[in-house]
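Before any comments, here is the structure.
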Amino acid sequence: MIGNDLVDLDLAKMQSNWRRKGYLDKIFTPAEQELINTSNGADETVWILWSMKEAVYKIHNRITGVRNFAPTSLACCLTQSNDKITGLVCIGDQIYFTETTTSASYVHTIAAPLFNQLSNIVIEIYAEPNHPIDYKSLAPGCVSHHGRYLALVYG
Numbered sequence: 012m013i014g015n016d017l018v019d020l021d022l023a024k025m026q027s028n029w030r031r032k033g034y035l036d037k038i039f040t041p042a043e044q045e046l047i048n049t050s051n052g053a054d055e056t057v058w059i060l061w062s063m064k065e066a067v068y069k070i071h072n073r074i075t076g077v078r079n080f081a082p083t084s085l086a087c088c089l090t091q092s093n094d095k096i097t098g099l100v101c102i103g104d105q106i107y108f109t110e111t112t113t114s115a116s117y118v119h120t121i122a123a124p125l126f127n128q129l130s131n132i133v134i135e136i137y138a139e140p141n142h143p144i145d146y147k148s149l150a151p152g153c154v155s156h157h158g159r160y161l162a163l164v165y166g
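All the letters of the sequence shown, read from the start, carry residue numbers 12 to 166 under our numbering.
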């Protein structure tokens, strides 16, 4: 089982004011808020953490059947090296592994319950107008769409 999430940074900038009072408290743990507040790139850090939570939620929801997105119940830890960010997301007694890539236009995270699954995930990201018309027929393992972008992952 795999998950993925993609954030179109231009759309996120227009639609979300994460700096408004109380926003971070609703979405992020105290440790994550500290990471955001001490980061040199707070905007990017917000969307990295958000995409990690969303990608893991997609897996956890399919495993448990529980549809209750409570972002602060998903605790993220991350490590950055060069162009990749790897992380762990804990929810209850479950641990999931993530890998995040960033560009000037988007943040994309893949997630899996086993670390070695990450290297087997095939990622296809499409920008408008180049989305496959009938992407469901391609049988992706997980789909994420935000703004101009569509991410399909297989694994």
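Beta carbons are placed, not taken as given, at the ideal position from N, Cα and C, and that holds for glycine. For clarity, every value in this text was computed on a predicted model and none was experimentally measured.
(message) So, for Q44: in the same chain, excluding its five sequence neighbours on each side, which residues have a beta-carbon less than 8 angstroms away from its beta-carbon?
(response) Apart from sequence neighbours up to five positions away, the residues of its chain that approach Q44 with a beta-carbon distance below 8 angstroms are L35, D36, ordered along the chain.
(message) Rounded to whole angstroms, what is the Cα-Cα separation between T97 and P140?
(response) When rounded, the distance between both Cα atoms is 30 angstroms.
(request) Confirm, please, whether the CB-CB distance from Y160 to P151 is below 7 angstroms. (result) The Cβ atoms of P151 and Y160 lie no closer than 7 angstroms to each other.
(request) Indicate whether A66 and D16 have their beta-carbon atoms separated by less than 7 angstroms. (result) Yes, these two residues count as a Cβ contact at 7 angstroms.
(message) Can you check which of these residues, A162, H157, A138, G158, is closest to L149 by C-alpha distance?
(response) Ranking A162, H157, A138, G158 by CA distance to the CA of L149 puts A162 first.
(message) For S84, tell me which candidate among R31, H71, Q91 has the shortest Cα-Cα distance.
(response) Per the Cα distances, H71.
(request) Identify which residue in H119, D21, W61 has its Cα closest to the Cα of P82. (result) Minimum Cα distance to P82 is reached at W61.
(message) Quick check on the DSSP output: the alpha helix (DSSP H) that includes I132 runs from which residue to which?
(response) I132 -> no alpha helix (DSSP H), and no H or E assigned at all.
(message) If I measure Cβ to Cβ from L22 and keep anything under 6 angstroms in the same chain, skipping five residues before and after, which residues do I get?
(response) Once the five neighbours on either side are set aside, the close Cβ partners of L22 are G158.
(request) In the DSSP assignment, find the unbroken beta strand (DSSP E) run with D145 in it and report its ends. (result) Taken as a continuous stretch (DSSP letters only), D145 belongs to no beta strand (DSSP E), as it is neither H nor E.
(request) Decide if R39 is buried, meaning its Cβ has at least 16 other Cβ atoms within 10 Å, or exposed. (result) Per the sequence shown, the amino acid found at residue 39 is Phe instead of Arg. Buried, because 16 or more other Cβ atoms sit within 10 Å of the Cβ of F39.
(request) Would you tell me roughly how many angstroms separate the C-alpha atoms of S130 and I13, rounded to the nearest one? (result) Approximately 12 angstroms between the Cα atoms of the pair.
(request) Spell out the partners DSSP gives S155 in its beta bridges. (result) In the DSSP output, where bridge partners are listed per residue, S155 has A162.
(request) Inspect the beta-carbon positions of I121 and E110 and report whether they are closer than 7 angstroms. (result) Yes, these two residues count as a Cβ contact at 7 angstroms.
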